[in-house]
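Notes for the one structure printed next.
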């Protein structure tokens with residue numbers, strides 16, 4: 008953590024400035040005592056310690072480790088549209104706003120009992136949080152963190168009684184709309200925040216137990232995975248009047264069941280990691296050591312690529328020429344790279360123990376990979392596969408860079 | 008230009024700090040005396056006055072007008088990977104580095120006689136400038152602005168003598184490679200900066216007088232327009248061994264000449280404005296009031312959409328649902344919007360006089376349009392077409408937002 012300029016003299020100047028002007032300038036020195044752009048910053052979730060490593064992708068350095076985020080055992084992050092603040096969604100229902108320039112927590116609230124993620128609206132004004140307990144979505148003002156609207160995920164059970172469902176797969180789409188799924192209810196809801204009175208639309212009977220979802224990079228197709236049956240639920244947000252359709256009918260725990268022996272499903276794959284490359288979608292099989300390829304024009308399955316283990320995150324390099332794959336326990340010791348033209352595995356890397364997540368730099372020249380049990384984040388050149396850096400981090404998991412602020416659904 | 012905090016007291020503090028520590032802290036107060044993220048900043052070229060308007064896309068405000076950029080009559084802009092600095096390429100060969108946080112020129116050199124644009128390498132280390140006079144490319148270190156390599160665009164004339172060609176269509180592609188075209192030579196060159204000794208590769212006889220070029224968003228296809236003949240030159244950068252191929256054989260000044268009366272060609276269209284939406288490319292006809300549509304899988308022409316005038320910039324909203332079109336003089340008083348599904352013109356706007364350029368906010372909720380002779384930049388909601396703001400600018404032309412720092416080829 009090299010700090011190129013000493014912080015103390017600058018802090019002293021801040022105090023002096025305060026005396027002279029009556030204005031608080033405590034912020035002025037910034038993280039390293041200097042102004043800096045926020046385009047090459049990022050955060051790494053340190054899950055065991057409830058802390059976050061603030062990183063610089065140009066110098067490939069950890070700038071600071073920041074504590075006080077609560078339970079980060081399954082955390083995710085969204086950035087404000089100015090790329091100054093990161094909202095960290097914690098498992099304990101905590102919503103924490105981190106100032107990337109001062110390296111300090113700007114605000115933290117406990118908004119629910121058990122949050123699994125959220126999204127920031129297209130216009131940057133609202134942050135939505137999806138909650139397991141109590142089930143629902145709460146929307147806050149990104150600036151003031153005041154509650155704007157509380158949407159309980161209330162649904163009717165077959166016996167006529169009502170209950171609240173766990174909310175999963177919260178994303179933002181164009182038009183200042185949030186989309187999310189209700190696990191127990193088997194419903195997909197959209198919440199339109201562009202109106203003075205937010206408008207809720209419910210799609211019922213989309214399938215049994217949607218457990219996660221993805222949004223295509225253009226924000227058009229919302230696709231939810233189903234835990235209770237095979238196939239996936241697709242909502243075309245350009246044509247919501249068409250309702251929710253079923254695609255990839257054999258996809259799921261019975262993944263194209265052809266009588267072959269299935270692996271035990273230790274972990275359902277993350278769907279947000281689906282890789283789109285041209286007309287191809289690359290995605291993780293469930294309980295099988297395969298990456299599947301579908302044609303996005305008709306969502307038909309076209310290829311199955313044999314890989315090291317059951318894939319968890321299948322992510323496309325920004326130029327779509329490679330797809331990088333991480334795997335479920337106990338085979339989470341390797342990362343594989345698939346060529347999107349030949350569909351062949353062209354590299355197998357061993358960054359460390361318990362590989363959890365990865366993130367490409369915005370233009371794809373590097374990839375950062377978290378090796379939880381090695382307490383390291385490893386940086387590779389994606390063209391030469393050369394290892395460029397190993398950075399210290401406490402049980403690192405999710406890695407998120409600020410360019411996500413500018414991408415639909417991220 | 009509201010400046011929320013007075014600058015003078017802060018400047019005084021800076022001077023005092025210098026006295027106390029011997030360190031120059033002139034930067035510390037920043038543009039508005041406060042730290043800020045750089046994700047929602049942008050610049051508007053003010054062509055007549057050689058100045059730049061620094062803008063905030065969240066508050067929809069001009070933060071400051073900055074002078075001293077020389078001749079900006081055909082200027083373009085690239086951002087550093089930290090999104091702190093803008094490199095402005097001026098017609099007078101000036102290369103100016105603007106600090107978006109202080110609102111001041113960090114450095115300015117006259118690197119050539121007549122520059123038309125440039126690019127920043129994938130890793131952010133190099134800025135390449137294409138020059139008309141003398142013809143060639145110069146590459147500088149983005150941090151120090153020291154010359155790294157000077158590549159004269161020397162070619163052989165039919166009579167065996169050598170000359171230097173004007174360089175156009177400079178872009179960056181993955182692998183830390185710059186690609187550019189030589190107008191008089193009819194050549195496309197690639198300059199690989201990933202090696203200790205930069206490697207130059209020449210593709211000869213690509214067609215007569217390439218005048219501009221575009222790179223597809225994934226950085227794979229480099230497509231140059233030809234002034235001297237019809238058709239376009241396509242280089243597949245994933246397979247440079249295949250050489251340069253000809254596509255859209257009738258495209259150009261004889262644009263699918265079917266005996267119809269052609270409009271006079273006042274201005275060749277900008278190619279960098281090509282819109283990609285799914286498998287469709289939307290692009291300007293030459294000398295005809297049409298937007299053309301090609302299938303990017305085989306580059307065949309599929310549709311012709313009648314529009315208000317000869318298109319100049321044809322740009323896709325980030326979610327690919329709309330394409331926005333500006334027009335050549337004398338019909339540059341309107342902007343039209345095409346629905347990418349129905350291929351119909353769904354809106355015609357009149358932002359002001361002499362519409363020159365436009366830029367979407369990163370997630371596409373707004374568009375900023377420069378009306379040169381109205382001395383205004385007009386901001387619209389892209390969903391409702393409601394006018395949101397009119398900002399003062401001196402003869403505004405190009406508009407560039409910082410999210411470009413994170414996109415291949417932008």
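Protein chains in written order, with the working numbering: chain A, 8 to 417; chain B, 8 to 417.
Yeah, the Cβ is synthetic: ideal placement off N, Cα and C, and Gly gets one too.
On a predicted model such as this, the values are computed, not experimentally measured, just so you know.
C-beta contact flag for residue i and residue j at 8 Å
i, j, result
"residue 331 of chain A", "residue 374 of chain A", "yes"
"residue 51 of chain A", "residue 377 of chain A", "yes"
"residue 300 of chain A", "residue 312 of chain A", "yes"
"residue 192 of chain A", "residue 231 of chain A", "no"
"residue 409 of chain B", "residue 48 of chain B", "yes"
"residue 90 of chain B", "residue 151 of chain B", "no"
"residue 247 of chain A", "residue 223 of chain A", "no"
"residue 185 of chain A", "residue 177 of chain A", "yes"
"residue 398 of chain A", "residue 84 of chain A", "no"
"residue 149 of chain B", "residue 134 of chain B", "yes"
"residue 406 of chain B", "residue 341 of chain B", "no"
"residue 416 of chain B", "residue 389 of chain B", "no"
"residue 412 of chain B", "residue 87 of chain B", "yes"
"residue 122 of chain A", "residue 138 of chain A", "yes"
"residue 82 of chain A", "residue 94 of chain A", "no"
"residue 403 of chain B", "residue 53 of chain B", "yes"
"residue 143 of chain B", "residue 120 of chain B", "no"
CB-CB length for residue i against residue j, believed under 8 Å
i, j, result
"residue 103 of chain B", "residue 76 of chain B", "5 Å"
"residue 319 of chain A", "residue 277 of chain A", "6 Å"
"residue 227 of chain B", "residue 255 of chain B", "Not confirmed; about 17 Å, so no contact."
"residue 314 of chain B", "residue 297 of chain B", "6 Å"
"residue 259 of chain A", "residue 236 of chain A", "7 Å"
"residue 199 of chain B", "residue 183 of chain B", "7 Å"
"residue 221 of chain B", "residue 281 of chain B", "5 Å"
Neighbour-count burial assignment, residue i, 16 or more Cβ in a 10 Å radius
i, result
"residue 250 of chain B", "exposed"
"residue 355 of chain B", "exposed"
"residue 125 of chain B", "buried"
"residue 36 of chain A", "Low confidence applies here, because residue 36 of chain A scores a pLDDT of 42, under 50, leaving its location unreliable and the question unanswered by this model."
"residue 114 of chain B", "exposed"
"residue 265 of chain B", "With a pLDDT of 48 at residue 265 of chain B, under the threshold of 50, the predicted position of this residue should be treated as unreliable, and no value is reported."
"residue 310 of chain A", "exposed"
"residue 317 of chain B", "buried"
"residue 165 of chain A", "exposed"
"residue 337 of chain B", "exposed"
"residue 383 of chain A", "buried"
"residue 154 of chain A", "exposed"
"residue 197 of chain B", "buried"
"residue 117 of chain B", "exposed"
"residue 400 of chain B", "buried"
"residue 188 of chain B", "buried"
"residue 219 of chain B", "buried"
"residue 55 of chain B", "exposed"
"residue 349 of chain B", "exposed"
"residue 194 of chain B", "buried"
"residue 73 of chain A", "buried"
"residue 257 of chain A", "exposed"
Beta bridge counterpart(s) of residue i as assigned by DSSP
i, result
"residue 210 of chain B", "B:195"
"residue 229 of chain A", "A:222, A:242"
"residue 58 of chain A", "A:53"
"residue 252 of chain A", "A:241"
"residue 329 of chain B", "B:346"
"residue 76 of chain A", "Looking at the DSSP assignment, residue 76 of chain A forms no beta bridge with any residue, so it has no partner."
"residue 396 of chain B", "B:386"
"residue 84 of chain B", "B:95"
"residue 184 of chain A", "A:180, A:199"
"residue 334 of chain B", "B:318"
Heavy atom of the ligand MG within 7 Å of residue i beta-carbon
i, result
"residue 147 of chain B", "Among the components modelled here there is no ligand, and therefore nothing to report on the ligand MG."
Length at least 3, wholly inside the region 356-388 of chain B: the beta strand (DSSP E) runs in chain order: 362-367, 373-378, 383-388
Unbroken stretches of the beta strand (DSSP E), 3 residues or longer, contained in the region 125-182 of chain A: Runs of the beta strand (DSSP E) inside the region 125-182 of chain A: 133-140, 143-148, 154-159, 161-163, 169-171, 174-180.
Segments of 4+ residues assigned as alpha helix (DSSP H) that fall wholly inside the region 278-311 of chain B: none
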